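Numbering (my numbering), first residue to last: 1 to 229. In this text, a Cβ means the ideal position worked out from N, Cα and C, and glycines have one as well. Just so we're clear, the structure is a prediction, and the values are computed from it rather than from any experiment. Below is one structure, written out as structure tokens; the observations come after it.
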Ligand SMILES: Nc1ncnc2c1ncn2[C@@H]1O[C@H](COP(=O)(O)OP(=O)(O)OP(=O)(O)O)[C@@H](O)[C@H]1O
Ligand SMILES: [Mg+2]
């Protein structure tokens, strides 16, 4: 791992939402460089643009203008299909609201991204899925559907799904937002472990103590990066 290698970079990134005559500048002119292996936290008041920025970094949301470079590749001109391919190779995304598939078991939810990624050979899919279930302490829940789980358990499934393809980069939007302190500590510990293994992590959180666990902290105000340390 080369810590000077830039894995993710944005150039004058903007996202505006138009609603009739009014425009919301959700993200304004964000320039950010993230090195491979870095652990970065993103804080800011509700509505400051954290989720919108994270979704653009994860190639989920299309920028209004500006560019996102992933592993040196300018993703701006890529087709939706090409973006999905690059996302499945490099990225694991933990959504603020889980986004689990209600009709699939815990096992199948966690295993799902393996179908779309070539990182892990098919013969190792079961092993990779069981490894992640074990790591997250949800192996006993493998056959249950998400609606039978607590918030903390669902959050772990969502994290498992982001981890299963062994991505270089994990983007997590408030992964402890709905959890009690015990489950929250488990998730923080897991992210630390994943970081120790060399994964780059960007986490959005409202908790100052969580943000402080990261090597670099960025605070957003009105769609702009206000301070970085
Ligand atoms: N799809 C959308 N359509 C219109 N406006 C949107 C959309 N998504 C976000 N916004 C607006 O963009 C701004 C930033 O929203 P965003 O969800 O990025 O904030 P956030 O910092 O993640 O907030 P929270 O801490 O509550 O999750 C808000 O004013 C929001 O209302
Ligand atoms: Mg948000």
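Where does residue i fall in DSSP's three states?
{"i": "residue 25", "result": "strand"}
{"i": "residue 131", "result": "helix"}
{"i": "residue 98", "result": "coil"}
{"i": "residue 59", "result": "coil"}
{"i": "residue 120", "result": "coil"}
{"i": "residue 136", "result": "coil"}
{"i": "residue 199", "result": "coil"}
{"i": "residue 142", "result": "coil"}
{"i": "residue 191", "result": "helix"}
{"i": "residue 43", "result": "strand"}
{"i": "residue 2", "result": "In this prediction, residue 2 has a pLDDT of 46, which is less than 50 and means its spatial position is unreliable; what the coordinates show is noted afterwards. Three-state DSSP puts residue 2 in coil, outside helix and strand."}
{"i": "residue 114", "result": "helix"}
{"i": "residue 11", "result": "strand"}
{"i": "residue 166", "result": "coil"}
{"i": "residue 53", "result": "helix"}
{"i": "residue 33", "result": "strand"}
{"i": "residue 185", "result": "helix"}
{"i": "residue 147", "result": "helix"}
Residue i lies in the alpha helix (DSSP H); which residues open and close that run?
{"i": "residue 109", "result": "106-111"}
{"i": "residue 161", "result": "151-163"}
{"i": "residue 88", "result": "80-90"}
{"i": "residue 211", "result": "208-211"}
For residue i, count the other beta carbons within 10 Å of its own beta carbon; 16 or more makes it buried, fewer makes it exposed. Which is it?
{"i": "residue 19", "result": "exposed"}
{"i": "residue 115", "result": "exposed"}
{"i": "residue 99", "result": "exposed"}
{"i": "residue 210", "result": "buried"}
{"i": "residue 31", "result": "exposed"}
{"i": "residue 3", "result": "Low per-residue confidence applies at residue 3: pLDDT is 44, beneath 50, and the placement is therefore not dependable, though the value from the model is reported in the following sentence. It counts as exposed."}
{"i": "residue 174", "result": "buried"}
{"i": "residue 43", "result": "buried"}
{"i": "residue 195", "result": "buried"}
{"i": "residue 188", "result": "buried"}
{"i": "residue 208", "result": "exposed"}
{"i": "residue 41", "result": "buried"}
{"i": "residue 9", "result": "buried"}
{"i": "residue 156", "result": "buried"}
{"i": "residue 92", "result": "buried"}
{"i": "residue 15", "result": "buried"}
Assuming the contact rule is C-beta atoms closer than 8 Å, residue i and residue j should be a hit. Round their C-beta distance to whole Å, please.
{"i": "residue 37", "j": "residue 198", "result": "6 Å"}
{"i": "residue 26", "j": "residue 52", "result": "4 Å"}
{"i": "residue 76", "j": "residue 67", "result": "5 Å"}
{"i": "residue 90", "j": "residue 169", "result": "6 Å"}
{"i": "residue 220", "j": "residue 50", "result": "6 Å"}
{"i": "residue 109", "j": "residue 146", "result": "7 Å"}
{"i": "residue 234", "j": "residue 203", "result": "In the structure displayed, the chain extends from 1 to 229; residue 234 sits before or after that span and is not available."}
Going by DSSP, what residue range makes up the beta strand (DSSP E) through residue i?
{"i": "residue 217", "result": "216-221"}
{"i": "residue 67", "result": "65-70"}
Could you tell me whether any non-hydrogen atom of ligand 3 is closer than 8 Å to the CB of residue i?
{"i": "residue 206", "result": "Looking for ligand 3 in the displayed structure turns up nothing; the ligands present are ligand 1 and ligand 2."}
Pair every Cβ in the stretch 131-141 with every Cβ in the stretch 150-165, then say whether three or more of these pairs are closer than 8 Å. The answer is yes - the stretch 150-165 touches the stretch 131-141, with three or more Cβ pairs under 8 Å.
Would you say the stretch 176-192 touches the stretch 115-125, given that touching needs at least three Cβ pairs under 8 Å? Short answer: they don't touch.
The stretch 141-153 in contact with the stretch 89-109 per 3-pair CB rule at 8 Å: In short, these stretches touch, since the Cβ pair count reaches three.
Do the stretch 56-74 and the stretch 218-225 make contact, defined as three or more Cβ pairs closer than 8 Å? Output reads no: the stretch 218-225 does not touch the stretch 56-74.
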